[in-house]
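Engineer: Encoded as structure tokens, here's the structure I'll be asking about.
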Amino acid sequence: MLGWGACTLPARAQATADSVDTPEALPPPKRELRGMWIATVENIDWPNQRGQAPEQYRRDYRRLLDAGQRAGLNAVFVQIRPASDAFYKSDIEPWSKWLTGVQGRAPINGDDPLPFLITEAHRRGMEFHAWFNPYRATMDSVTRRLAPNHPYRQHPQWFLRYGGQLLYNPGLPEVRAHITRVILDVVRRYDIDAVHFDDYFYPYPAPNQVFHDEAAFRDHNPEGIAKLADWRRHNVNVLIRDLHDSIQSAKRWVKFGISPFGVWMNKSADPLGSDTRAGQPSYSNLYADSRLWLEKGWIDYILPQLYWSTTFKLVPYPVLLEWWTRNHFDRHLYIGHGTYRMLESTRSDTTWRNPRELPRQIRLNRTYPDEASGSVFFSAKSLLTNPLHTTDSLRLALFRYPALVPTMPWKDAVPPLPVANLTLRRLSHYVTLNWQPGAVAPDGDAATYYVLYRFEATERSTPNDPRRILALPRPAPGFPATFVDTTAVPGQAYAYYVTAVDRLHNESRPMRVVTTGHQAAELAVGQSPAGAARPVASPPVATQPVPALTLPTGNSPAKSAPFTKVKIKEKPAKKKGFFARLFGGR
1 MLGWGACTLP ARAQATADSV DTPEALPPPK RELRGMWIAT VENIDWPNQR GQAPEQYRRD
61 YRRLLDAGQR AGLNAVFVQI RPASDAFYKS DIEPWSKWLT GVQGRAPING DDPLPFLITE
121 AHRRGMEFHA WFNPYRATMD SVTRRLAPNH PYRQHPQWFL RYGGQLLYNP GLPEVRAHIT
181 RVILDVVRRY DIDAVHFDDY FYPYPAPNQV FHDEAAFRDH NPEGIAKLAD WRRHNVNVLI
241 RDLHDSIQSA KRWVKFGISP FGVWMNKSAD PLGSDTRAGQ PSYSNLYADS RLWLEKGWID
301 YILPQLYWST TFKLVPYPVL LEWWTRNHFD RHLYIGHGTY RMLESTRSDT TWRNPRELPR
361 QIRLNRTYPD EASGSVFFSA KSLLTNPLHT TDSLRLALFR YPALVPTMPW KDAVPPLPVA
421 NLTLRRLSHY VTLNWQPGAV APDGDAATYY VLYRFEATER STPNDPRRIL ALPRPAPGFP
481 ATFVDTTAVP GQAYAYYVTA VDRLHNESRP MRVVTTGHQA AELAVGQSPA GAARPVASPP
541 VATQPVPALT LPTGNSPAKS APFTKVKIKE KPAKKKGFFA RLFGGR
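As structure tokens, this is what we get:
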């Protein structure tokens with residue numbers, strides 16, 4: 001990034017579980033994905049009850065997002081297809097019973113919740129990851145309550161009964177085609193940021209039961225794979241590979257990520273595995289070769305479910321974390337944390353009853369700053385209830401400062417162009433900044449949101465310190481942006497930097513504007529940091545009115561956000577080196 005003062009990135013820390021309990025162990029990262037899963041199956045997180053009116057389930061959803069925003073999150077993983085059903089308007093699969101109370105029944109007034117769910121996430125600066133369960137068709141084996149348009153009604157030969165459920169047979173090409181069609185329908189029609197799968201591929205083994213896919217193994221094995229286990233893994237691999245290619249062709253910016261069971265293989269069974277003793281490794285038991293998907297570049301991120309504590313002997317969190325940092329093949333690695341464990345009374349992993357456990361895990365992640373890129377919590381309800389005050393720990397300490405989602409250079413490495421027409425007006429302690437979006441970048445991308453930094457007199461400007469991020473404004477596309485800083489101290493000099501950020505979080509070169517604080521009223525025009533902005537003392541003058549901007553709603557996603565006001569604690573400025581530091585001096 002050009003135009004900033006010199007800065008150094010923290011070196012990779014070498015820390016153990018015992019050495020990261022101190023909050024000051026590492027500086028906060030500027031880029032870190034912070035998310036929560038919102039599970040809809042069996043109404044785990046949302047909606048609170050089946051058959052609610054749209055006004056009620058919208059209110060409950062906003063409440064979850066507000067809690068996530070207060071905790072500092074920047075992504076949500078919302079389950080929109082829990083069991084071959086839909087939390088959106090679909091011509092392929094029926095409405096979910098967990099939304100309306102009866103499978104196939106539409107919401108009141110024909111409401112389609114998904115545009116609202118996406119818009120509300122975006123207006124809070126959160127990515128929306130659409131969570132699909134690919135193979136689960138029901139949570140029980142009772143078929144008489146299935147809707148007339150459930151795929152089982154038209155194609156019963158696609159399904160197998162196992163473990164008290166109906167499951168799609170992953171070995172059938174028709175099943176893979178159907179799953180791909182369902183997902184691409186959402187990718188094309190809705191403004192999602194990512195497609196997300198959880199850990200359910202082939203079913204977890206049930207005692208004394210056999211998954212009877214012998215006929216498919218015989219009839220749909222053109223490669224002549226000899227072993228049933230290898231053939232099952234191949235079936236899942238083909239789905240993942242082809243779905244990756246299809247998503248990329250439909251919308252190049254939509255990510256594809258998977259959250260597998262936390263253990264790929266135990267080292268005792270495979271030398272490439274982790275030094276753990278897990279009972280259900282995903283490679284051998286679920287036929288999910290997540291390590292291969294990463295190696296082949298078929299997924300953009302891996303989000304292993306590391307739901308064990310740091311002291312759990314069979315699968316210690318630090319051991320498994322370290323293994324994943326060596327096996328993600330330059331794709332993003334986020335960690336799934338089992339925050340629901342704090343609400344359990346289990347005796348198998350009592351370390352989760354310690355309020356320091358979750359903060360310890362996050363700090364452990366940060367000892368791998370170039371490898372582990374974020375944390376996601378299962379699930380939203382555990383975040384909302386603030387067990388052991390751990391949500392407070394996120395809000396007040398670990399996630400106190402904002403973070404940008406990490407970039408994915410294999411998808412997009414072209415930053416947007418800088419903002420245009422940056423201006424500053426200062427009256428007393430109110431500082432109003434206005435700017436317009438820059439031109440479209442060479443790859444066709446425009447700014448999606450902005451980063452506004454503020455530096456005091458004695459500070460060196462750097463793009464890597466999130467403690468200096470004042471706001472992340474997100475006006476409607478093409479609209480001007482306005483920010484009112486109500487925390488500026490009268491008489492204090494500041495330099496503001498504004499950058500543009502595109503859909504995949506590439507950040508532009510900055511524009512800068514400076515206020516000296518020496519005059520009762522100031523006007524200043526922003527410039528590239530290569531040249532100093534010229535503060536101008538002036539009484540209030542008439543300016544071109546800025547359009548009134550309102551918060552978007554689910555019915556009007558194109559509306560923009562209003563002026564933003566924030567409060568942050570100010571430290572007294574030291575009287576030295578201001579312009580030398582901000583205008584390029586070393």
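Residue numbers (UniProt numbering): 1 to 586. Glycine residues also receive a C-beta, built at the ideal position from the N, C-alpha and C atoms.
1. Name the two residues that bound the continuous alpha helix (DSSP H) containing ILE183.
2. Are the CB atoms of GLY262 and LEU306 within a distance shorter than 7 angstroms?
3. Kindly indicate which residue of ARG468, ASN365, PRO406 has the alpha-carbon position closest to the one of ARG503.
4. Between the alpha carbons of VAL78 and ASP245, how many angstroms are there, rounded?
5. State the Cα-Cα distance for the pair ASP300 and LYS411, rounded to the nearest angstrom.
6. Note the first and the last residue of the continuous beta strand (DSSP E) segment covering ALA524.
7. Where in the segment 337-365 do unbroken runs of the beta strand (DSSP E), each at least 3 residues long, occur, reported from the N-terminal end onward?
8. Kindly indicate which three-state DSSP category ILE118 falls into: helix, strand or coil?
9. Using only the alpha-carbon positions, how far apart do ALA447 and GLN69 sit?
10. Leaving out five residues on either side along the sequence, give the residues of the same chain with a beta carbon under 6 angstroms from the beta carbon of PHE211.
11. Going by beta carbon distance, what residues of the same chain come within less than 7 angstroms of THR515, once the five residues before and after it are set aside?
12. Less than 6 angstroms between C-beta atoms, sequence neighbours within five positions excluded: which residues of the same chain meet that for ASN149?
13. Given that a residue counts as buried once 16 or more other Cβ atoms are within 10 Å of its Cβ, and exposed if not, what is LEU396?
14. What does DSSP give as the partner residues of GLU127 in its beta bridges?
15. According to DSSP, is GLN154 part of a helix, a strand, or is it coil?
16. Could you tell me whether the segment 261-279 touches the segment 205-224, using the rule of 3 or more Cβ pairs below 8 angstroms?
17. Pick out whichever of LEU166, TRP293, SER90 has its Cα sitting closest to the Cα of ARG189.
18. Between which two residues does the alpha helix (DSSP H) containing TYR57 stretch?
19. When you compare each of LEU228, TYR450, GLY526, ALA457 to ARG123 by their alpha carbons, which one comes out closest?
20. Going by DSSP in three states, ARG467 sits in which element: helix, strand or coil?
21. Could you tell me which residues DSSP pairs with residue 650 in its beta bridges?
22. Who does LYS255 pair with in a DSSP beta bridge?
23. Could you tell me the distance, in whole angstroms, from the CA atom of ILE240 to the CA atom of LYS313?
24. Would you report the Cα separation of ARG331 and ALA86, rounded to the nearest angstrom?
25. What do you get for LEU166, buried or exposed, if any count of 16 or more other CB atoms within 10 angstroms of its CB means buried?
26. State the DSSP-derived secondary structure class of ASN109, mapped to helix, strand or coil.
27. If distances are taken between C-alpha atoms only, which option among GLY273, VAL186, SER290, GLU214 comes closest to VAL236?
28. Label ASN74 either buried or exposed according to how many other C-beta atoms from any shown protein chain fall within 10 Å of its C-beta, with 16 as the threshold for buried.
29. Tell me whether ASP412 counts as near the ligand GTP, meaning its Cβ is closer than 6 angstroms to at least one heavy atom of that ligand.
30. Under 7 angstroms, do VAL175 and ILE183 count as touching if we go by C-beta distance?
31. Would you mind working out which of ARG153, LEU333, ALA147 sits nearest GLY104, comparing C-alpha positions?
32. Thinking C-alpha only, which one of ALA71, GLY72, VAL76 is nearest TYR61?
33. CA-CA distance, PRO477 and ALA500?
34. If you follow the alpha helix (DSSP H) that THR390 is part of, which residue opens it and which one closes it?
Structural biologist: Looking at the coordinates:
1. Following the DSSP letters along the chain, one finds ILE183 inside the alpha helix (DSSP H) bounded by residues 173-189.
2. The answer is yes: Cβ separation under 7 angstroms.
3. The residue among ARG468, ASN365, PRO406 with its C-alpha nearest the C-alpha of ARG503 is PRO406.
4. Each residue's Cα considered, the two are about 23 angstroms apart.
5. Approximately 9 angstroms, taken between the alpha carbons.
6. It spans 521-525 - the beta strand (DSSP E) in which ALA524 sits, taken as one unbroken run.
7. Taking 3 residues as the minimum length, the segment 337-365 contains no beta strand (DSSP E) run wholly inside it.
8. Helix.
9. Looking at the two C-alpha atoms, the distance is approximately 22 angstroms.
10. TYR162, listed in sequence order.
11. LEU424, ARG426, VAL431, ALA493, TYR494, GLU522, ALA524, PRO535.
12. Sequence-distant partners of ASN149 (beyond 5 residues in either direction) whose C-beta falls short of 6 angstroms from its own C-beta, in its chain, are PRO94.
13. Classification of LEU396: exposed, given that the 10 Å Cβ count is below 16.
14. Secondary-structure assignment with DSSP links GLU127 through a beta bridge to ALA75.
15. DSSP places GLN154 in helix when its eight states are reduced to three.
16. Judged by pairs of C-beta atoms under 8 angstroms, the segment 261-279 does not touch the segment 205-224, as fewer than three such pairs exist.
17. When C-alpha distances from ARG189 are compared across LEU166, TRP293, SER90, the shortest belongs to SER90.
18. Where TYR57 is concerned, the enclosing alpha helix (DSSP H) stretches over 54-70.
19. Of LEU228, TYR450, GLY526, ALA457, the residue nearest in Cα terms is TYR450.
20. If DSSP states are grouped into helix, strand and coil, ARG467 belongs with the helices.
21. Because the chain here runs from 1 to 586, residue 650 falls outside it and cannot be looked at.
22. DSSP, once it has assigned bridges, lists ALA194 as partnering LYS255.
23. Here the C-alpha atom of ILE240 lies approximately 33 angstroms from the C-alpha atom of LYS313.
24. About 29 angstroms.
25. Its Cβ being crowded by 16 or more others within 10 Å, LEU166 is buried.
26. DSSP places ASN109 within a helical segment (H, G or I) once states are collapsed to three.
27. That would be SER290, whose Cα lies nearest to the Cα of VAL236.
28. Buried, since its Cβ has 16 or more Cβ neighbours within 10 Å.
29. The ligand GTP is absent from the structure shown, which contains no ligand whatsoever.
30. Their beta carbons are not under 7 angstroms apart, which means VAL175 does not touch ILE183 by this criterion.
31. Here the closest residue by C-alpha is ALA147.
32. The candidate whose alpha carbon is nearest that of TYR61 is VAL76.
33. Near 12 angstroms, if we compare the C-alpha coordinates of ALA500 and PRO477.
34. 390-393 is the span of the alpha helix (DSSP H), which, as asked, contains THR390.
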